[in-house]
Every structure is written in structure tokens, then in C-alpha cells.
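Take 1 as the starting number for the sequence shown in this note's numbering and just add one per residue. By construction, the Cβ of each residue, glycine as well, lies at the ideal position given by its N, Cα and C atoms. Since the structure is predicted, the reported quantities are computational estimates derived from the model, not experimental observations.
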Amino acid sequence: MSTTAHKITFVDPEGTETVAPADPSKTLLEIAEEHGVKLGSACGGVCACSSCHVYVRAGDASLPEMEDAEEDRLDMGFDVQPASRLGCQVKPGDCDLKVEISRESIETWYNEHPERRAEQK
Ligand code: FES
1 MSTTAHKITF
11 VDPEGTETVA
21 PADPSKTLLE
31 IAEEHGVKLG
41 SACGGVCACS
51 SCHVYVRAGD
61 ASLPEMEDAE
71 EDRLDMGFDV
81 QPASRLGCQV
91 KPGDCDLKVE
101 ISRESIETWY
111 NEHPERRAEQ
121 K
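Right, dumping it as C-alpha cells:
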């Protein structure tokens, strides 16, 4: 079964909250993209940048441990914290999540969507 009762609450630096089903077969990036969340993805989700940088503020214990590749990429990020993960490398576990979009990620998103730049706060 690809759906679950668990949910992800995405919060971006502009204060926009988006609630989405926590589909365990998809990455946080894929779920964000499907629900219009402004999560950047400069490398297209192949763990080759740090623009999908998020902070997992709740539910992080349910997530798989970070692999070396994710850790190495996160080292390239700005304002890296213990709660930091790469959205393209993490799939939800058996728990609700609260995921905060990093400033670098939303800025990348606007660079990828120049037609939406006017709404940037
Ligand atoms: S989108 Fe580039 S590392 Fe996630």
C-alpha cells in the first residue's frame, strides 16, 4: 500500500504551512513537489547539491540514519544543524513529521521558478 495515515507538515521561511500525506514510497522532495511546497532541487534529487536542505523539527527519530553521501553533501550547506537532512534522500517513516524548509532551499526554488519571484517575502 502506498498511502498512510501519517502526515508531513512542511513550513517554509515565509510562514506557509502545507500538510501532505507521508507516503513512505516517496522522498520528502517528491512529496513536496507534488504539493506545491517551495523546496529547491538544483541537482534534480540525486544528492549532488544541498539545495533540498530541510530541518526535521518533529518525528526525526522515525527516519533512517543518514548515509555518507547525504552527510558529505550537507557539509556544503548553509546553516547546517543537528536537525538537517536532504529532502531528496529521506523517505518518511512510521510517524508524523514536521519539516522546515531552509532559507537556501527556498531561494533555490525561486531561482528555479523566476515567474514566481514576485511573491517572494
Ligand atoms: S536536490 Fe540536490 S541534493 Fe537533494
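Excluding the 5 residues preceding and the 5 following G59 in the sequence, name in chain order all residues of the same chain whose CB lies nearer than 7 Å to its CB.
Excluding positions up to five away in sequence, the list reads C95, D96, L97, K98.
Could you tell me which whole beta strand (DSSP E) segments of length 3 or greater appear in the segment 5 to 83?
Runs found: 7 to 11, 17 to 21, 53 to 58.
Is it right to say S2 is buried, meaning 16 or more other beta carbons lie within 10 angstroms of its own, or is it exposed?
Interpretation of S2 is limited by its pLDDT of 48, a score under 50 that renders its predicted location unreliable; no figure is taken from the coordinates.
Measure the alpha-carbon distance for R117 versus C43 and round it to whole angstroms.
Each residue's alpha carbon lies about 20 Å from the other.
In whole angstroms, give me the CA-to-CA distance for H6 and K121.
Each residue's alpha carbon lies about 30 Å from the other.
For the ligand FES, list every residue whose C-beta falls under 5 Å from any of its heavy atoms, going in chain order.
Having a Cβ closer than 5 Å to some heavy atom of the ligand FES are S41, C43, G45, C47, C49, C52, L86, C88.
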